[in-house]
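What follows is a set of notes on a single structure, which appears directly below.
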Amino acid sequence: MATSSASAGALLHHVRTGRARSRAELVALTGAARNTVSARVDQLIAAGLLEEGGRGWSTGGRPPTLLRFNSRAGCVLAVDLGVTSVDVAVTDLSAQILATVGHPIDIADGPGPVLAEVDRLAQRVLAEAGLTPADVCAVGVGIPGPVEFSTGRPSHPPIMPGWHDHPIPSAFGRYECPVYVDNDVNVMALGEMGVAGSAQDVLVVKVGTGIGCGVIVDGTVYRGAQGSAGDIGHIHVPQPDGRTVLCRCGNENCLEAIAGGGALLRDAVAAGLPVTSTREVVERAAQGDGPALELVRSAGRTIGTVLAALVNFFNPHRIVMTGGVAQAGAPLLAGIREAVYGRSMPLAARALEITVSDAPDLSGRVGAALMAIEGYLDEDSVLQAIAR
Ligand SMILES: [Zn+2]
208 MATSSASAGA
218 LLHHVRTGRA
228 RSRAELVALT
238 GAARNTVSAR
248 VDQLIAAGLL
258 EEGGRGWSTG
268 GRPPTLLRFN
278 SRAGCVLAVD
288 LGVTSVDVAV
298 TDLSAQILAT
308 VGHPIDIADG
318 PGPVLAEVDR
328 LAQRVLAEAG
338 LTPADVCAVG
348 VGIPGPVEFS
358 TGRPSHPPIM
368 PGWHDHPIPS
378 AFGRYECPVY
388 VDNDVNVMAL
398 GEMGVAGSAQ
408 DVLVVKVGTG
418 IGCGVIVDGT
428 VYRGAQGSAG
438 DIGHIHVPQP
448 DGRTVLCRCG
458 NENCLEAIAG
468 GGALLRDAVA
478 AGLPVTSTRE
488 VVERAAQGDG
498 PALELVRSAG
508 RTIGTVLAAL
518 VNFFNPHRIV
528 MTGGVAQAGA
538 PLLAGIREAV
548 YGRSMPLAAR
558 ALEITVSDAP
568 DLSGRVGAAL
578 MAIEGYLDED
588 SVLQAIAR
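Under my numbering, the sequence shown has 326 at position 119, and the numbering climbs by one with no breaks.
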């Protein structure tokens, strides 16, 4: 949102994200006339979206009345749909979780049974929070596959058989509100930016069963021409020993076929480790088990070679690692840093931060909530709220 705009939606956005706390700060931030800002703030207060509370520090003259966003003006449903589990939460308009519940599912059961389960969980969290379907202002859904964002329909999702072109928003008809659907990596990227958002260029890299990347440009998710930006899991990675590994996409030596969660488990079993899941490999590495550590570090180096190319191309401020494999923490980061700092151009690498997500299990739900909130509080919706 351009800082020069002084529309009601823009003013609300500035207060909600903490960029302005008073009418005077809104005037300074937008450059708009004091009367214009005051009139629109009064409308937002009348609509219940802003509140006055307390006095700020005076910089000479009367101390300003502080403004704050009324995050209890509504609630949103956040759905984090995974391959083997789903988490549903109801949050206030600051993405604070009011109630949440998770349940195992099999995404391959198809949209009918899976979305029926989501519906049941959604009703449960609303009841737990003492809310009703009529209180829900918007719904945000993250799914583990490509989505046409404008329609909320999955597009040939490789690990979601039966979901192609299914109108996911129609499963939420009872809420009579907008429904936003995006792939899980973009949603997690929003969650990593948080309520305040960011003006930075960031890559949020999810390493789970697959590998994907949320591309944040100047604080906004970049989706590309068809919505598939950041699909780095199928970038070709040459193997020094000449080995070829078949990827589920049909090509050979894709990044995720060599360094994804499935690959990690396959290589651990081949090395004789007594493990049956990627989670167990990650746990052993986190506990310092030598062979598991080396496998995770090696996956980090492979991911790092691809990230080094992305750093040279995109010059991000930050890279945040998330997903199940990222929970291995230090050994994965060590491998990634080794490759990225060794291969990126010095100017791009100089101030680059590479970190692991603080709350990888939460960012899917928080991101889905933020996607719904941003949609609900866009310019047009805020104008409608004021007109009511
Ligand atoms: Zn592939």
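Idealized CB from N, CA, C, for every residue including glycine. The structure displayed is predicted, hence computed values, not measured ones.
For Tyr382, no beta strand (DSSP E) encloses it, and the DSSP letter there is neither H nor E. The closest heavy atom of ligand 1 lies 8 Å or more from the beta carbon of Asn393.
Under the DSSP assignment, Met400 falls in the alpha helix (DSSP H) whose first and last residues are 391-400. For Thr483, the secondary structure class from DSSP, reduced to helix, strand or coil, is coil. Around Thr562, the same chain offers Val527 as residues with beta carbons nearer than 6 Å, after the five sequence neighbours per side are excluded. For Thr291, same chain residues with a beta-carbon under 8 Å away, outside a window of 5 residues either side, are Pro311, Ile312, Asp313, Ile314 in chain order. Neighbourhood of ligand 1, defined by CB distance below 5 Å to any of its heavy atoms: His441, Cys454, Cys456, Asn458, Cys461, in chain order. Contact annotation, Gly255 with Gly398: C-beta distance approximately 26 Å; criterion of less than 8 Å not satisfied. In this structure, the beta-carbon distance from Thr512 to Val444 falls below 9 Å. If one requires a minimum length of 3 residues, the beta strand (DSSP E) runs lying completely within the segment 411-459 are 418-424, in chain order. DSSP places Val513 in the helix class (H, G or I) of the three-state scheme. If you compare the alpha carbons of Pro481, Thr529, Asp568, Asn522 with that of Arg557, the shortest gap goes to Asn522.
Taking 9 Å as the cut-off, the Cβ atoms of Ala579 and Pro385 count as close. Taking Asp438 as the centre and dropping the five residues before and after it, the same chain places the C-beta of Gly419 closer than 7 Å to its C-beta, in chain order.
Between the segment 349-361 and the segment 320-336, the count of C-beta pairs closer than 8 Å stays below three; the two stretches do not touch. The C-alpha of Ala239 lies about 10 Å from the C-alpha of Ser214. Setting aside the 5 residues that flank it on each side, Glu586 is surrounded in the same chain by Ser214, Gly216, each with a C-beta closer than 7 Å to its C-beta; the list follows chain order. Note on geometry: alpha-carbon atoms of Gly536 and Ala493 lie some 7 Å from one another. Ala470 and Ala464 have their C-alpha atoms roughly 6 Å apart. Look at the segment 534-590 and you find these whole runs of beta strand (DSSP E), each 3 residues long or longer: 560-563. The three-state reading of DSSP puts Phe520 in helix, counting H, G and I together. Per DSSP, the continuous alpha helix (DSSP H) segment holding Thr237 begins and ends at 230-237. The beta carbon of Gln303 sits closer than 6 Å to no other beta carbon from its chain once the five residues preceding and following it are set aside. When DSSP reads this structure, Asp294 sits in a beta bridge with Asp287, Gly309. If you draw a straight line from the Cα of Thr416 to the Cα of Gly352, it comes to about 12 Å.
Under the three-state reduction of DSSP output, Asp299 falls in the strand class. The continuous beta strand (DSSP E) containing Ile350 extends over residues 343-350. Residue pairing for Thr272: DSSP places it in a beta bridge opposite Arg262.
For Val532, there is no enclosing beta strand (DSSP E), since its DSSP letter is neither H nor E.
Just so you know, the alpha carbons of Leu338 and Glu383 end up roughly 15 Å apart. Counting only the Cα atoms, Val428 lies some 29 Å from Thr485. Taking every protein chain shown into account, the CB of Met395 has 16 or more other CB atoms within 10 angstroms, so this residue is buried. Cys456 counts as exposed, since fewer than 16 other beta carbons sit within 10 angstroms of its beta carbon. Here DSSP, grouped into helix, strand and coil, assigns Leu257 to strand.
The C-alpha of Leu410 lies about 12 Å from the C-alpha of Ser564.
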